[in-house]
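These notes concern the structure reproduced below.
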Amino acid sequence: MLEDWILRKKEIEDSKDKLKGADLCNAKLMQAKLKGACLEDADLTAAYLIKADLSGANLSGADLTQAVLSEADLSGADFDGTELEDTFLNGANLKGAVNLTCDQLDLANYDKDTIFPDYITINWSPDGFCECIEEQ
781 MLEDWILRKK
791 EIEDSKDKLK
801 GADLCNAKLM
811 QAKLKGACLE
821 DADLTAAYLI
831 KADLSGANLS
841 GADLTQAVLS
851 EADLSGADFD
861 GTELEDTFLN
871 GANLKGAVNL
881 TCDQLDLANY
891 DKDTIFPDYI
901 TINWSPDGFC
911 ECIEEQ
């Protein structure tokens, strides 16, 4: 018998177009296939989205506080008003993401393997600190 979290993940994947405002707090969604998902205003607090495909997803207004998105594909995702406090973006692909700001990223965790949109530059200092710069 499949674990409950695997069945729940499949259920969420199958309804990816209808997740606006969904409560997915603490959801185990590792490697979830959520390409183009509508997660507008969804609560993804402390969700596990490691290696998930969220490319092109609408994350506008979503709460990703303490969510783990390490190595997730977030290319082309919309981050308008998305909460990223203590969110783990280590190794995530944010190429082509829209409405992502340095103010949001200053609250998140990321590393040198994280891929950022072309309009955001991260300057790393030798001591491991960094500065986020947005092109206007």
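For the sequence shown, this note's numbering begins at 781 and goes up steadily by one. All C-beta atoms, glycine included, are put in the ideal place defined by N, C-alpha and C. It should be emphasised that the depicted structure is a prediction, and the values quoted were computed from it without experimental measurement.
Sequence-distant residues of its chain with Cβ nearer than 6 angstroms to residue i (five each side left out)
i      : result
LYS808 : TRP785, TYR828
GLN884 : LEU864
Which listed residue (the options) has its alpha carbon closest to that of residue i
i      : options                        : result
LEU799 : LYS892, LEU839, GLY908         : LEU839
ALA872 : VAL878, GLU783, GLU865, ASP833 : ASP833
LEU849 : ASP893, ASP860, VAL878, CYS882 : ASP893
CYS805 : ASP860, ASP797, THR845         : THR845
As assigned by DSSP and simplified to three states, the class of residue i
i      : result
LYS808 : strand
GLU911 : strand
ASP893 : coil
ILE786 : helix
ILE830 : coil
GLU863 : strand
Residues near residue i in its chain [Cβ-Cβ closer than 7 angstroms; skip 5 each side]
i      : result
GLY876 : SER855, GLY856, PRO897
8 angstroms contact criterion, which residue i and residue j should meet: CB distance rounded
i      : j      : result
ALA842 : ASP821 : 6 angstroms
Rounded straight-line distance, which links the Cα of residue j to that of residue i
i      : j      : result
THR917 : ALA817 : What the structure shows of the chain is the stretch from 781 to 916, and residue 917 is not part of that stretch, so it cannot be assessed.
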